[in-house]
Every structure is written in structure tokens, then in C-alpha cells.
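FYI, the numbering for the sequence shown is 64 to 243, going by the numbering used here. Each remark here refers to the structure printed beneath this line.
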Amino acid sequence: MAASEKSSYRVALGGIVAGLCVMIMFLTGVFPALYIAAPMIAGVLMIILVEEVSVGWAWLTYIAVSLLALIVTFDKEAALMFILFFGYYPILRLYIERIRIMPVRWLCKLALLNLFLVLDFWLTVYVLGLPTFEEDGKAMLAGLAAVFNLVFLFYDRLLGQMNWFYRTLFVKKILGKHRK
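Following this line, the structure appears as C-alpha cells:
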């Protein structure tokens, strides 16, 4: 592939992934029940950019989607979840997975998640202004953190499987026949 074709491919793929991510984030306004699932699903799409283009391009797309999600998404809490964790975690996960000592690796992952939870709680209460959450928040934060940590274990496993699926089955078996 020539240099200009590679640039065009990167821009096109980045635009498609960004568009899909923004569309998924927009759905939180139509289906409010998706306010947690939509940022997770949008984040999974970053795997495509990491695998097909580069980590740097994935970071640029994450920044673009983050800005667009703040503008376009009705549910600002869902946009915050994407910006503060689910948008960049699939990219950052590549570096965390390089840590050879498994307990240290999981400690890093869980520390990052819990930092996100505290920051998300603080921004939701004090910036977005949900006073009900502030009153009930102290007791709810512990329960919510426990549930999120459990869900995160499944999400992290899902990311690993999606990465494997994309690399080994989708690209080699499906796209392999059509690539030059």
C-alpha cells in the first residue's frame, strides 16, 4: 500500500470507528438503560484501531469521540464514563497486560477502575449536580464499587476475548480472503 493509501485508510477507519462510537453513545439518550453498557461497547471498538492502525491513532480517535460525546450525548454521565475509563481502557490495557506478575497486573487494573469510580462519583455529584446521589452516595458508593469491580472482571475478560477474536478469527478467516 502506498503512503497516501495508508493515510486514507487510517483516516477512513478512524472516522468510521469514531462515528460508530458516537452513535452508540448517542443511543444513551434514546435508551437510558444503556448508560453503562454503551460506553463499554464504544470502548471495545477501539480494539479495531489498535489492531489495524496504531495505538497513537486509537488515542486520537478516543479524544475525538470524547469531545463529540460531550457535545452530542444527552446522558452526560455516560459520556463521563467513556471519557474517564471505558474509552481509553482498551488502549491502555495493552500496556498493563505486559506486566508479567499477575497480581501486580490486576492490582493496576483494579486501582485504575476504582480511581475512575471515585472521580466519576465526584464529577457526577459536584459538576453535574445530582444532590440525591450525594445524600445516598456514601452508602451507595461502596455497593456500587463492589458491583463495578465484579462487572469489570467480566469486562476485562471480554476485552481479551474480543481482541483474540478480532486478531485470529475475524482478520485471518473473514478478512484474510479479501485482503491484498
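Quick reminder that beta carbons are idealized off the backbone N, C-alpha and C, glycines included.
**Study point:** Proximal residues to Asp138 (C-beta, below 7 Å), its chain only, five neighbours per side dropped
**Key:** Take Asp138, set aside five residues on each side of it, and the residues of its chain with a beta-carbon closer than 7 Å to its own are Thr91, Gly92, Pro95 and Tyr98, in chain order.
Practice item. Give the range of the alpha helix (DSSP H) segment to which Ile164 is assigned. Key: Segment: none, Ile164 is in no alpha helix (DSSP H) and carries neither H nor E.
Review point. What is the C-beta distance between Leu76 and Val107, in whole angstroms, given that I count them as a contact (C-beta under 8 Å)?
Key: That pair is no contact at about 15 Å.
Check your understanding: Would you call Ser134 buried or exposed, if buried means 16 or more other Cβ atoms sit within 10 Å of its Cβ?
Key -> Reading off the sequence shown, one finds Ile at residue 134, where the question assumed Ser. Per the 10 Å Cβ criterion, exposed.
Check your understanding: In three-state DSSP terms, what is Ser117?
Key -> Note: Ser117 maps to coil in three-state DSSP.
Review point. Straight-line CA distance for Leu232 to Asn226?
Key: 10 Å
Exercise for review: Look at the Cβ atom of Phe179, then the Cβ atom of Pro102, and state whether they are nearer than 8 Å.
Suggested key: no
Exercise for review: Could you tell me the boundaries of the alpha helix (DSSP H) in which Tyr158 lies?
Suggested key: For Tyr158, the enclosing alpha helix (DSSP H) stretches over residues Tyr152 to Ile159.
Review point. Is the beta carbon of Thr136 less than 8 Å from the beta carbon of Met88?
Key: yes
Review point. So, helix, strand or coil for Asp138, using DSSP?
Key: coil
Check your understanding: Considering only C-alpha positions, which residue in the set Ala105, Leu112 and Val181 is nearest to Ser129?
Key -> Ala105
Point to revise | Closest residue to Trp122 among Ile164, Ala141, Ile162 and Arg73 (Cα-Cα distance) | key: Arg73
Practice item. Would you kindly work out how many angstroms separate the C-alpha atoms of Phe184 and Glu68, rounded to a whole number? Key: Near 44 Å, if we compare the C-alpha coordinates of Glu68 and Phe184.
Check your understanding: Do Val80 and Ile126 have their C-beta atoms closer together than 8 Å?
Key -> no
Review point. For Val188, which of helix, strand or coil comes out of DSSP?
Key: helix
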